[in-house]
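Visitor: First residue of the sequence shown: 4, per the working numbering; consecutive thereafter.
Here a beta-carbon is modelled for each residue, glycine too, at the ideal position from N, C-alpha and C.
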Amino acid sequence: MPEREAGALTKKALRSCLSERIASGVARVPVGACKTMPLFLAKRASHLTEAMDGPDCDPALLERSYHQFRAVNGLLSRSRFVYKRFIRPLMSDRGRGYSLLDIGFGGGDIARGLARWAQRDGLDLCVTGIDIDPRAYTYVQRFPQSPKLSFRLADVTTLVARGERFDFVLSNHVLHHLDAPGLQAMLDAAQALGARVVVFNDIRRSALAYLGFWLLTAVAFRRSYIRQDGLISIRRSYTAKELRARVPAGWEVLRAMPFRLLLIHRGARESA
Ligand SMILES: C[S@@+](CC[C@H](N)C(=O)[O-])C[C@H]1O[C@@H](n2cnc3c(N)ncnc32)[C@H](O)[C@@H]1O
Numbered sequence: 004m005p006e007r008e009a010g011a012l013t014k015k016a017l018r019s020c021l022s023e024r025i026a027s028g029v030a031r032v033p034v035g036a037c038k039t040m041p042l043f044l045a046k047r048a049s050h051l052t053e054a055m056d057g058p059d060c061d062p063a064l065l066e067r068s069y070h071q072f073r074a075v076n077g078l079l080s081r082s083r084f085v086y087k088r089f090i091r092p093l094m095s096d097r098g099r100g101y102s103l104l105d106i107g108f109g110g111g112d113i114a115r116g117l118a119r120w121a122q123r124d125g126l127d128l129c130v131t132g133i134d135i136d137p138r139a140y141t142y143v144q145r146f147p148q149s150p151k152l153s154f155r156l157a158d159v160t161t162l163v164a165r166g167e168r169f170d171f172v173l174s175n176h177v178l179h180h181l182d183a184p185g186l187q188a189m190l191d192a193a194q195a196l197g198a199r200v201v202v203f204n205d206i207r208r209s210a211l212a213y214l215g216f217w218l219l220t221a222v223a224f225r226r227s228y229i230r231q232d233g234l235i236s237i238r239r240s241y242t243a244k245e246l247r248a249r250v251p252a253g254w255e256v257l258r259a260m261p262f263r264l265l266l267i268h269r270g271a272r273e274s275a
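(1) Alpha carbon to alpha carbon, how far is D59 from R138?
(2) Please identify the residue among P261, D191 and W254 whose C-alpha is closest to the C-alpha of L75.
(3) Whole angstroms is fine: what's the gap from R230's alpha carbon to L196's?
(4) What does the Cβ neighbour count give for H50, buried or exposed, with the cut at 16 atoms within 10 Å?
(5) Could you round the C-beta distance between E66 and Y142 to whole angstroms and report it? I think they count as a contact, below 8 Å.
(6) Three-state secondary structure (DSSP) at A36?
(7) Report all residues from its chain with a CB closer than 6 Å to the CB of L173; omit the five preceding and five following residues, and keep chain order.
(8) So, for R284: in the same chain, excluding its five sequence neighbours on each side, which residues have a beta-carbon less than 8 Å away from its beta-carbon?
(9) Terminal residues of the continuous alpha helix (DSSP H) containing V250?
(10) Measure the alpha-carbon distance for C129 versus S149 and round it to whole angstroms.
(11) Who are the Cβ neighbours of F108 in its own chain at under 8 Å, not counting the five residues just before and after it?
(12) Keeping to the same chain, check which residues put their C-beta closer than 7 Å to that of A48; ignore five residues upstream and five downstream.
(13) Would DSSP call D124 helix, strand or coil?
(14) Verify the contact flag: A139, CB atom, against every heavy atom of ligand 1, threshold strictly below 8 Å.
(15) If you draw a straight line from the C-alpha of H268 to the C-alpha of W254, how long is it?
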C-alpha cells in the first residue's frame with residue numbers, strides 16, 4: 004500500500020508543502036498550509052485503524068514499537084521544545100512543586116524525559132503518565148518509578164471524576180486516535196483537570212510528512228509497527244484548518260516544525 008501511494012505524490016504537492024513558511028518554532032494558523040495533497044491524503048482517513056490499537060496485535064512487534072517510540076519522538080515530536088516553551092516558563096516559583104499529567108504515555112519515554120529535564124533544571128516537577136492500554140502499563144513497569152515519576156493505568160475521565168488536578172497537561176500522538184465524541188470528551192476532561200496549560204502535540208497531515216516518514220522508515224524502525232502505524236497515523240491526523248474547525252472556543256492551534264500541530268488551552272490564570 005504505502006509504496007504505490009507515496010509514488011502518487013505530485014511535484015505540485017511537494018512544491019506547495021516545501022513553500023510553507025514557518026518562521027520560528029511555532030506559527031499561528033490562519034494559513035491554509037499544504038493546500039495541494041494527493042487524493043489519498045486529501046481527506047482525514049479516520050476509518051483506518053492502527054495495528055497497535057488492536058487487542059490481538061503481535062506482542063513482540065508491539066513491545067519493539069514501544070521501545071522505538073523514544074527514538075521516533077526524539078526525532079520528530081519536539082517534546083523538549085514544548086517543555087521549554089510552554090511548561091518551564093510557568094514554573095518560576097522555585098519554592099513550590101508542580102504537577103504534570105501525560106495522557107497516553109505509550110512507551111513512557113516522554114514522561115521520563117519531562118521528569119529528567121525538570122530535574123536537570125532544578126525544578127520540582129511530579130510527572131504522572133496515564134494510559135488506557137494494559138500492555139503499555141506493563142511495558143513501563145521496567146522503568147524505575149519515584150515520587151517524581153509514576154505511571155497509572157487510567158482513563159482521563161476517571162481522574163476528573165476523582166477531582167484530581169494538575170498544573171500542566173500534555174499529550175503526544177493521542178488526538179488522531181480519537182473519534183469526534185472521543186475528541187470532545189478528551190478536551191473537556193483535559194480542561195477540567197484545571198491545568199495552567201494543556202498541550203496536545205500531534206502530527207500535521209501533509210504530503211511531505213508522509214513522504215518523509217515513508218523514506219525514513221524504509222531504512223529505520225524495522226520489526227515493529229512504527230512504519231505501518233506511523234503512515235496510518237499521518238493519514239488519520241489533522242491539518243491545522245481541520246483541527247481548528249473541530250475544537251471549541253478557547254483552544255488554539257499552532258503549527259510547529261516538523262509537521263506538528265499543537266493544540267493549546269491556557270487556564271484562566273495564564274490567559275488573563
Ligand atoms: C500512538 S501512542 C502514543 C504514545 C506516546 N504518547 C508517544 O507519543 O510515544 C497512543 C497512546 O495513547 C493511548 N490512548 C489512546 N486513547 C487514550 C485515552 N483516551 N486515554 C489515555 N490514553 C489513551 C494508547 O493506549 C496509546 O498508548
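Guide: By the coordinates alone:
(1) Roughly 11 Å separates the two Cα atoms.
(2) Leu is not the amino acid found at residue 75; the sequence shown has Val there. The shortest C-alpha separation from V75 is found at P261.
(3) The alpha-carbon separation between R230 and L196 amounts to approximately 34 Å.
(4) Sixteen is the threshold: since fewer than 16 other Cβ atoms of the shown chains lie within 10 Å of the Cβ of H50, the residue is exposed.
(5) E66 to Y142, Cβ: 6 Å. Contact.
(6) Reliability of the predicted coordinates at A36 is poor, the pLDDT of 43 falling under 50, and the value obtained from them is presented with this limitation in mind. For A36, the three-state secondary structure derived from DSSP is coil.
(7) D105 and V202, listed in sequence order.
(8) Because the chain spans 4 through 275 in this model, residue 284 falls outside it and cannot be assessed.
(9) Run containing V250: none; DSSP gives neither H nor E here.
(10) About 9 Å.
(11) Correct list, in chain order: A114, G132, I133, D134, A139, V143 and F154.
(12) Close CB contacts of A48 within its chain, under the 7 Å cut and outside five residues either way in sequence, are with R238 and R239 (chain order).
(13) Looking at D124 - three-state DSSP - the assignment turns out to be coil, as it is neither helix nor strand.
(14) Yes - ligand 1 has a heavy atom lying nearer than 8 Å to the Cβ of A139.
(15) Straight-line spacing of the CA atoms in H268 and W254 works out to 5 Å.
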